[in-house]
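Residue numbers (my numbering): 28 to 312. Don't be surprised by glycine CBs; every beta carbon is placed ideally from N, CA and C.
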Amino acid sequence: MNPLLLETINDLPPLPKTVMELQEYVDSSGADLEISKVVAIISKDPLLIGELLRLANSPFYGFSHQVSTIQQVVSLLGISNIKNVVLANSIRSNFSIDVSPYGLDTGVFLANCSNEVDFISTWLQEEDKALSNELIPCAMLLRLGMILLANMLLKSGKDKEFLQENQTYNFQNVSELENQYCGIDHISFLGFLFNHWKFDESLIQSITHIENPHAASQEIKKNAYALAVTNCLFEPYRPLSPFNSKKAIALINEATNQGVDFNMGNFLAKLPQIAKDNLMKDTDE
């Protein structure tokens, strides 16, 4: 493995004490989990309480009434989802972000990241709320691998060389260049990071199969296809483009052929207007 990549992994900021305590309790308790103990752990951290209440009352979860206590949050989302979203939120807030090595504007990139979470929630909230809740932590961190590889390129002084070569290929061979410069592509790195932080195995496998959802086990195939569709639609260089919008439709059809049930009418209705408009176009502009 690239020595600088190993250094990047070793330099990852530690998780906050409360988050680690929550993760350890959930992972070690098996069937003996108690909501009261989860609430007691979270209640030690006022900042975490505030973040969870903010997330619970955001459009991501679409609850019909105001959520005002941690007891309500844990009861509504479930202990496993709470652990994963606490992990994701903690991790997401720990990194400075500069994606200039990829030739991307950081502000636009972050807006696109936010749109990914909004979309997966809006799309699945009514159709499969349990799946929506489960995948929100994945959507929150979907571009983290790219963020960390960008940091690594900047740190190694290879950012301009990487960008120049990326431009030469018109940003069409990003994964190949990532492997060439970093020893891993950003999606594979994300799967590695999910394993490093001990997310639920179903989420690790879902991330691992983003680019080949047909190869996922039947248990997590719907997760993998939902993430694959979102990843395709909001691909950082051409989000919601005609090509990516049509490719997302093809993935939904492929999922149906794989025995995964998505409601195409609901998917089309929940697409952002730009994607709807682009479905009428023949090629990327």
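Contact set for residue 108: own chain, Cβ-Cβ below 7 Å, skip 5 residues either direction: Closer than 7 Å at Cβ, skipping near neighbours: 160 and 161.
- request: Quick one: grab the DSSP three-state call for residue 57.
  value: Helix.
- request: Answer with buried or exposed for residue 59, where buried requires no fewer than 16 other C-beta atoms within 10 angstroms of its C-beta.
  value: So residue 59 ends up on the exposed side.
Span of the alpha helix (DSSP H) around residue 252: 248-260 is the extent of the alpha helix (DSSP H) around residue 252.
- request: Below 7 Å CB to CB, which residues in the same chain sit around residue 50 once its five sequence neighbours on both sides are set aside?
  value: So the list reads 110, 114 and 225, once near-sequence residues are dropped.
message: By the DSSP assignment, the alpha helix (DSSP H) with residue 100 in it spans what residues?
response: Where residue 100 is concerned, the enclosing alpha helix (DSSP H) starts and stops at 97-104.
- prompt: Using 8 Å as the Cβ pair cut-off and three pairs as the minimum, do the stretch 33-50 and the stretch 60-69 touch?
  reply: They touch, by the three-pair rule.
message: With the cut-off set at 8 Å, would you say residue 127 and residue 133 are in Cβ contact?
response: Taking a C-beta distance under 8 Å as the contact criterion, residue 127 and residue 133 qualify as a contact pair.
message: Using the three-state DSSP reduction, which class does residue 12 fall into: helix, strand or coil?
response: Not covered by the structure: residue 12. The range shown for the chain is 28 to 312.
task: Please confirm if the stretch 151-158 is in contact with the stretch 217-237, defined as three or more CB-CB distances below 8 Å between the two stretches.
output: No, the stretch 151-158 is not in contact with the stretch 217-237.
- prompt: How many Å lie between residue 139 and residue 168 at the Cα?
  reply: Rounded to whole angstroms, the gap between the alpha carbons of residue 139 and residue 168 is 12 Å.
- request: Could you check which residue in 267, 39 and 251 has the C-alpha nearest to that of residue 303?
  value: If you compare the alpha carbons of 267, 39 and 251 with that of residue 303, the shortest gap goes to 267.
query: Going along the chain, which residues of its own chain have a beta-carbon closer than 6 Å to the beta-carbon of residue 143, five neighbours each way excluded?
result: Around residue 143: 166, 169, 257 and 261.
field: For residue 294, the first and last residue of its enclosing alpha helix (DSSP H)
entry: 291-297 is the extent of the alpha helix (DSSP H) around residue 294.
query: Is the beta carbon of residue 263 sitting closer than 8 Å to the one on residue 136?
result: Contact flag set, yes.
query: Residue ranges of each alpha helix (DSSP H) run of no fewer than 4 residues wholly in the stretch 170-231, ordered along the chain?
result: List check, alpha helix (DSSP H) in window: 171-183, 186-195, 201-209 and 213-223.
field: DSSP three-state assignment for residue 158, whether helix, strand or coil
entry: In the structure shown, residue 158 falls within a helical segment according to DSSP collapsed to helix, strand and coil.
query: Which first and last residues belong to the alpha helix (DSSP H) in which residue 304 is found?
result: Run containing residue 304: 300-305, per the alpha helix (DSSP H) assignment.
task: Could you pull the start and end residues of the alpha helix (DSSP H) that residue 265 belongs to?
output: Unbroken run through residue 265: none, as it is neither H nor E.
query: For residue 241, which of helix, strand or coil comes out of DSSP?
result: Residue state, collapsed to three classes: helix.
query: If you draw a straight line from the C-alpha of residue 204 to the C-alpha of residue 174, how long is it?
result: Taking the straight line joining both Cα atoms gives about 15 Å.
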